[in-house]
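Taking it in order: structure first as structure tokens, then the write-up.
Residue numbers (our numbering): 21 to 569.
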């Protein structure tokens with residue numbers, strides 16, 4: 021837009037072109053225009069229709085004529101008129117019209133003529149769409165009026181007609197649509213006009229479909245050349261995120277009992293959330309975890325396994341019909357590579373028996389980063405569910421053939437069991453054929469207590485046992501928000517529900533911005549597929565399309 025104190029607008033239109041990025045949705049829009057004061061004027065002859073006693077066409081200069089008229093086709097206030105003539109002993113009679121007959125703007129108003137600058141005449145904002153000046157021998161407007169007063173031929177050397185620059189009418193349209201707004205009368209001096217709902221609806225109709233992005237244009241038109249003092253566009257938009265990080269419209273999480281599965285979404289960290297929606301398809305395995313205990317975050321005690329050391333954990337027998345589908349051990353590698361075996365044994369005189377209940381399950385841990393490495397749950401699956409004797413305890417034995425690992429220890433008194441299953445003794449041995457010894461941890465000794473090695477047996481569940489729903493929450497930086505899945509597995513959070521879930525902000529140190537996370541915990545092993553993601557991050561932008569310079 022050209023620089024200057026005002027911006028032009030005319031019948032050709034003033035066009036505002038928007039380059040809409042992809043994944044941006046329009047929420048609200050407003051456009052504020054301000055008319056200039058009456059000290060800002062435009063040439064009313066531009067684009068006007070001119071006629072004279074010599075016929076239609078431009079105002080004849082240096083030719084003798086008896087009258088002329090100027091029709092600019094729009095009702096607007098006349099502010100200035102200057103007619104210079106060769107003759108000086110003549111006067112002009114001014115008449116105006118507004119789509120009807122000619123009439124004098126005020127009784128007795130005459131137009132000074134001659135070749136001097138004193139012929140310039142300021143007008144008091146006379147509203148008209150055309151004017152006519154007739155030449156007479158003075159007085160041009162006698163009082164009382166003279167019937168059949170005859171005009172005289174006069175040579176016009178120059179003509180200046182100025183009108184207030186504020187638009188006589190203003191229309192707004194988007195793309196090729198019909199105008200969605202029309203100001204049917206001239207704007208007042210310095211008047212501000214704001215378009216809101218109609219502008220929003222028109223822009224939304226023209227907005228690129230399917231969040232693809234692209235150009236959108238809207239324009240302002242005035243029936244005659246005009247000016248605007250200010251033009252300010254405000255857009256309230258939302259960035260719509262529909263892709264899980266690192267990409268894709270669906271994300272499948274493999275869940276282990278009481279461990280968090282995390283789906284991440286990259287959103288602006290400095291904007292609040294307006295909407296969060298997604299669909300979670302939860303597919304639990306036919307299993308149940310009968311033991312409940314506080315998760316071992318940083319165990320202070322552990323069995324060391326490797327270099328001849330092995331460990332064993334006993335459990336009471338489950339109720340009749342209980343079958344073991346798998347289990348997890350809480351392990352922390354001490355070496356970059358660990359290879360070992362987990363084997364189940366029946367109880368014989370309070371110690372693991374000699375003949376295993378089933379072939380052992382081998383495992384391998386390979387660490388990539390630098391030491392120390394974190395403790396974590398390691399899952400062990402059996403080829404088929406293993407039936408257990410309801411009258412005998414049984415043991416989980418961990419042996420390591422390569423490397424070393426810690427098997428976390430905790431307080432058995434903090435464990436709650438069901439279906440008859442509960443932890444019993446924790447043992448270790450220092451060599452392959454050595455005796456099994458009790459693990460003594462003084463801090464864990466007491467009534468009903470004692471050490472136990474963190475182990476999570478998983479029993480097969482009958483089809484009649486409905487699985488417990490997963491626990492789902494949103495996490496964004498240090499803030500968390502618990503959410504609930506409805507009967508169809510959907511989450512729909514509105515701006516009101518997200519009001520206290522504030523953004524973490526941009527990191528000051530240049531570190532990666534925290535992502536929005538969907539955190540899922542399941543009591544049983546399961547797969548959970550996240551789909552139909554929609555996260556709206558609103559923002560408001562004000563664009564001064566033109567400001568007085």
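Where a beta carbon is used, it is the ideal one built from N, C-alpha and C, also for glycine.
Remember, it's a predicted structure, so these values are computed and weren't measured experimentally.
Item, Value
"Just to confirm, is the Cβ distance from residue 62 to residue 151 under 8 Å?", "no"
"Keeping to the same chain, check which residues put their C-beta closer than 7 Å to that of residue 439; ignore five residues upstream and five downstream.", "310, 338, 339, 342 and 479"
"State the DSSP-derived secondary structure class of residue 113, mapped to helix, strand or coil.", "strand"
"Taking C-beta to C-beta, are residue 240 and residue 190 nearer than 8 Å?", "yes"
"Restricting to Cα atoms, I'd like to know which of 318, 383, 450 and 553 is closest to residue 392.", "318"
"What residue from 230, 39, 88 and 283 has the CA that sits closest to residue 180's CA?", "88"
"Closest by CA to residue 481, which one among 162, 523, 543 and 460?", "543"
"Around the C-beta of residue 205, are 16 or more other C-beta atoms found within 10 angstroms, so that it is buried, or is it exposed?", "exposed"
"Taking 6 Å as the limit between beta carbons, can you name the residues of its chain near residue 381, skipping five residues before and five after?", "362 and 400"
"Is the distance from the Cβ of residue 15 to the Cβ of residue 296 below 8 Å?", "This structure cannot settle anything about residue 15, because the visible part of the chain is limited to 21 through 569."
"When you compare only the Cα positions, how much space is there between residue 515 and residue 51?", "25 Å"
"Can you give me the C-alpha to C-alpha distance between residue 132 and residue 221, rounded to a whole angstrom?", "52 Å"
"Among the candidates 149, 85, 65 and 174, whose CA atom is the shortest distance from the CA of residue 106?", "174"
"Given 8 Å as the limit, is there contact between the stretch 365-375 and the stretch 398-414, that is, 3 or more CB pairs closer than that?", "yes"
"Who are the Cβ neighbours of residue 452 in its own chain at under 6 Å, not counting the five residues just before and after it?", "none"
"Determine contact between the stretch 63-73 and the stretch 276-291, defined as no fewer than three beta-carbon pairs at a distance below 8 Å.", "no"
"What is the DSSP secondary structure of residue 129, reduced to helix, strand or coil?", "coil"
"What three-state label does DSSP hand residue 51 in the structure shown?", "strand"
"Beta carbon of residue 102: closer than 7 Å to some heavy atom of the ligand FMN?", "Absence of the ligand FMN is noted for the structure shown, with no ligands found whatsoever."
"May I ask you to report which of helix, strand or coil DSSP gives residue 516?", "coil"
"Whole angstroms are fine: how far does the CA of residue 93 sit from the CA of residue 243?", "7 Å"
"Would you kindly work out how many angstroms separate the C-alpha atoms of residue 116 and residue 104, rounded to a whole number?", "19 Å"
"For residue 166, which residues does DSSP report across the bridge?", "DSSP lists no partner for residue 166."
"Kindly list the residues whose CB is nearer than 6 Å to the CB of residue 287, restricted to its own chain and excluding five residues on each side of it in sequence; keep chain order.", "261, 536, 555 and 557"
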